[in-house]
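Q: Mind looking over this structure? Questions follow.
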Amino acid sequence: MMIFEKPEKTVAQSELYEDLIREVLLKLPVKSLLRFKQVSKTWLQLVTSKAFISDHYSVARNRQPDPSFFVIRNPIYNKNRAVNVITQICMDASGIRTDKNIPLRFIGRCGERYTFPVFFPMGFGLYCIFELLSQTVVLWNLGTRKYEVLPPSPFRDRINPEHDPSVCFAHVDGDFSYKVGVLSVRRYSKNNNSVFVQRLQLYSSSNNSWKVILIPEGSVVGYCMADGVNLNGKYHIFSLDSNQEQDYNNGSEEEDDDNNYIYDYHIMTFDYASELFGRIEVPNTPQMTGRCNLIDKSFLISNDGILLCLVIPWINEDVNNEKFLDMWVMHEYGVKESWSKEHTVGPISNDMHVLGYSKNAEGFFLQDCDSQLYLFKCGSSAAERIVLHHLSFEMTNVQVIELIIESLIPIKGTRSGLK
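What follows is the structure, given as structure tokens:
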């Protein structure tokens with residue numbers, strides 16, 4: 001009787017086996033990989049390595065999933081202290097469907113009875129959530145359901161609190177280190193007058209600390225201006241400079257004719273790496289009889305993270321004050337002459353205001369005075385209502401953001417990058 005011994009695997013065979021396992025795991029969703037980390041120590045080391053996390057994110061980005069979005073919903077009033085909720089909506093060939101509600105219970109731990117969280121996509125599957133009332137900053141990974149509350153800024157003045165606007169933004173670099181910025185206004189007393197200075201409180205995970213950077217003169221983030229966007233390693237936000245704003249900063253309470261001021265609208269940029277501010281010029285808007293440009297209500301969006309876009313609302317005073325939206329695209333980054341008007345959308349009901357835009361959905365998200373949500377398609381100029389799940393307490397929709405690609409990036413432990 002002949003006995004055959006099982007041949008031992010060669011080094012080449014072992015490497016081939018490991019490569020095949022890695023290729024299979026790269027194609028799996030985050031939810032599955034979280035379970036597979038428990039299979040063995042080898043798999044745990046593989047799935048949590050920086051190289052695997054980067055490659056897994058790249059593979060996920062190359063897929064073309066159906067457009068998905070989050071609607072951030074805040075309770076209007078509830079004696080039982082209702083929590084904030086995000087509702088996921090998806091689009092496919094059959095239309096729009098409401099997927100699920102996710103309660104944001106961790107936001108309620110910031111100490112405020114009523115909370116007002118604002119989301120900002122910071123890249124690599126992470127969201128920065130800024131609670132306006134408490135000035136609390138939370139980093140959240142939707143895929144892993146992990147979050148981290150950042151240490152409070154030591155530069156916040158409790159006696160003279162921060163004033164609107166308070167805008168929060170964040171960015172994750174290729175080493176998975178991140179920076180978080182809070183734009184705000186600080187009030188100082190000078191000669192019995194109040195002096196308002198805009199500044200940036202900047203947190204860096206590399207040293208786990210905050211610093212303050214003054215915003216350069218000539219760039220003022222207005223009260224009604226929307227959040228900005230990340231592009232090319234920089235943060236961009238629509239801003240202005242005017243004599244009126246300078247009088248406001250000097251504590252003047254004089255009310256003058258608004259026509260006496262020349263407003264310098266532009267895009268303020270902040271480079272995350274160099275921590276320097278910059279400026280990009282906006283396009284020259286059409287000036288014609290019957291057209292009223294609402295330039296102060298303009299907002300920025302990003303076209304697939306490649307091109308910078310500016311949406312400028314305007315009113316046709318000759319026809320029932322109908323509202324329209326012009327979309328401008330900057331085809332060559334930083335060059336004013338490269339702006340071109342790509343679309344004009346409307347008319348839009350004056351009872352509606354814009355919550356967001358999506359290229360994948362090919363339209364704007366609008367909300368009416370009854371907190372009903374609509375998708376206004378650019379091509380057909382038709383508004384389709386989005387029916388959200390009914391909750392036991394009244395909610396208002398405050399923000400719509402596109403669902404970003406999920407990732408395995410850990411929240412804790414990214415301060416010095418991953419090993």
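Mapping the sequence shown onto the UniProt record's numbering, position 58 (from 1) lands on 58, and the numbers just tick up by one.
Beta carbons are placed, not taken as given, at the ideal position from N, Cα and C, and that holds for glycine.
Alpha carbon to alpha carbon, what distance is there between F277 and P216?
A: For the purposes of this step, residue 216 is taken as the residue at position 216 of the sequence shown. For the purposes of this step, residue 277 is taken as the residue at position 277 of the sequence shown. Each residue's Cα considered, the two are about 7 Å apart.
Q: Compare the C-alpha of P410 against each of P29, V24 and S49 and name the closest.
A: Start at 1 with the first residue of the sequence shown, and residue 410 comes out as number 410. That would be S49, whose Cα lies nearest to the Cα of P410.
Q: In this structure, how does DSSP classify K211 when only helix, strand and coil are distinguished?
A: Position 211 of the sequence shown holds residue 211. Looking at K211 - three-state DSSP - the assignment turns out to be strand.
Q: If we count the other Cβ atoms within 10 Å of its Cβ and call it buried at 16 or more, is H331 buried or exposed?
A: The count along the sequence shown starts at 1 and reaches residue 331 at position 331. Exposed.
Q: In chain order, what residues of the same chain lie with their CB nearer than 6 Å to the CB of R95, ignoring the 5 residues before and after it?
A: Counting from one through the sequence shown, the residue named residue 95 turns up at place 95. Note on identity: in this sequence residue 95 is Gly, with Arg being the wrong assignment. Same-chain partners within the cutoff: there are none.
Q: Check each candidate in N284, Y263, N230 and I102 and name the one with the smallest Cα separation from D271.
A: Within the sequence shown, numbered from 1, the residue matching residue 271 stands at position 271. Comparing Cα-Cα distances from D271 to each of N284, Y263, N230 and I102, the minimum goes to N230.
Q: Run through DSSP, which three-state label would R61 get?
A: Looking up residue 61 in the sequence shown gives position 61. Three-state result, R61: helix.
Q: In this structure, how does DSSP classify H266 when only helix, strand and coil are distinguished?
A: For the purposes of this step, residue 266 is taken as the residue at position 266 of the sequence shown. Strand, per DSSP.
Q: Ignore the nearest five residues each way along the sequence and tell me which others in C369's own chain have a CB closer than 7 Å to its CB.
A: Against the sequence shown, residue 369 aligns to sequence position 369. Excluding residues within five positions, the ones whose Cβ falls inside 7 Å are D351.
Q: Along the chain, where does the alpha helix (DSSP H) containing K27 start, and where does it finish?
A: For the purposes of this step, residue 27 is taken as residue 27 along the sequence shown, with counting starting at 1. No alpha helix (DSSP H) holds K27; DSSP gives it neither H nor E.
Q: Check each candidate in G123, E281, V182 and L214 and name the one with the smallest Cα separation from Y263.
A: Counted from its first residue, the sequence shown places residue 263 at position 263. The option with the nearest alpha carbon to Y263 is E281.
Q: Can you tell me where the beta strand (DSSP E) holding Q367 begins and where it ends?
A: For the purposes of this step, residue 367 is taken as residue 367 along the sequence shown, with counting starting at 1. Note, Q367: beta strand (DSSP E), G363 to Q367.
Q: Anyone know if the C-beta pair for L150 and V182 falls short of 8 Å?
A: Taking the sequence shown and counting its residues from 1, the one referred to as residue 150 is at position 150. Taking the sequence shown and counting its residues from 1, the one referred to as residue 182 is at position 182. Taking 8 Å as the Cβ cut-off, L150 and V182 do not qualify as a contacting pair.
Q: Hey, quick one: how far does the alpha helix (DSSP H) through Q45 stretch, first residue to last?
A: Counted from its first residue, the sequence shown places residue 45 at position 45. Unbroken alpha helix (DSSP H) run through Q45: K41 to V47.
Q: Looking at I72 and I86, is the spacing between their C-beta atoms short of 8 Å?
A: In the sequence shown, residue 86 corresponds to position 86, counting from 1. In the sequence shown, residue 72 corresponds to position 72, counting from 1. Yes; because the gap between Cβ atoms is below 8 Å, this pair is in contact.
Q: If you compare alpha carbons, which of F324, I237, P283 and S274 is closest to F302?
A: Counting from one through the sequence shown, the residue named residue 302 turns up at place 302. Note that residue 302 is Ser in the sequence shown, not Phe. For S302, the nearest C-alpha among the options comes from I237.
Q: For F376 and I348, which I take to be in contact (beta-carbon distance under 8 Å), what is that distance rounded to the nearest angstrom?
A: Indexing the sequence shown from 1 puts residue 376 at position 376. Indexing the sequence shown from 1 puts residue 348 at position 348. About 7 Å separates the two Cβ atoms, so the contact holds.
Q: Exposed or buried, P29, counting other C-beta atoms within 10 Å across all chains shown (16 or more means buried)?
A: As a position in the sequence shown, residue 29 is number 29, starting the count at 1. When all chains shown are included, P29 counts as exposed.
Q: How many angstroms separate the CA atom of V319 from the CA atom of G356?
A: Here the question's residue 319 lines up with position 319 in the sequence shown. Here the question's residue 356 lines up with position 356 in the sequence shown. Distance between the alpha carbons of V319 and G356: 26 Å.
Q: Using CA coordinates, which residue listed in F116, V398 and L126 is at the minimum distance from Q135?
A: Residue 135 sits at position 135 when you count from the first residue of the sequence shown. Among F116, V398 and L126, the Cα nearest to that of Q135 is on F116.
Q: Who does G181 pair with in a DSSP beta bridge?
A: Position 181 of the sequence shown, counted from the start, is the residue given in the question as residue 181. G181 pairs with F169 and L202.
Q: Does T344 pass the burial test, meaning 16 or more other C-beta atoms within 10 Å, or should it be called exposed?
A: For the purposes of this step, residue 344 is taken as residue 344 along the sequence shown, with counting starting at 1. Looking at its Cβ environment, which holds fewer than 16 other Cβ atoms inside 10 Å, T344 is exposed.
Q: Using 8 Å as the threshold, is the C-beta distance between S209 and S177 below it?
A: Locating residue 209 in the sequence shown gives position 209, counting from the first residue. Locating residue 177 in the sequence shown gives position 177, counting from the first residue. Their beta carbons are not under 8 Å apart, which means S209 does not touch S177 by this criterion.
Q: Select from G305, L310 and N321 the residue whose C-alpha is nearest the C-alpha of G290.
A: Against the sequence shown, residue 290 aligns to sequence position 290. Minimum Cα distance to G290 is reached at N321.
Q: What do you reckon, are the CB atoms on E342 and W328 nearer than 8 Å?
A: As a working note, residue 342 is residue 342 in the sequence shown. As a working note, residue 328 is residue 328 in the sequence shown. Yes, these two residues count as a Cβ contact at 8 Å.
Q: Considering only C-alpha positions, which residue in the set M122, W43 and R35 is nearest to I405?
A: In the sequence shown, counting from the first residue as 1, residue 405 sits at position 405. Nearest of M122, W43 and R35 to I405, Cα basis: M122.
Q: With respect to 7 Å, is the separation between the Cβ of A382 and the closest non-hydrogen atom of the ligand NAD below this value?
A: By its list of ligands, the structure shown contains no ligand whatsoever, and the ligand NAD lies outside what it can speak to.
Q: In the DSSP assignment, find the unbroken beta strand (DSSP E) run with A383 in it and report its ends.
A: Looking up residue 383 in the sequence shown gives position 383. Taken as a continuous stretch (DSSP letters only), the beta strand (DSSP E) holding A383 covers A383 to I386.
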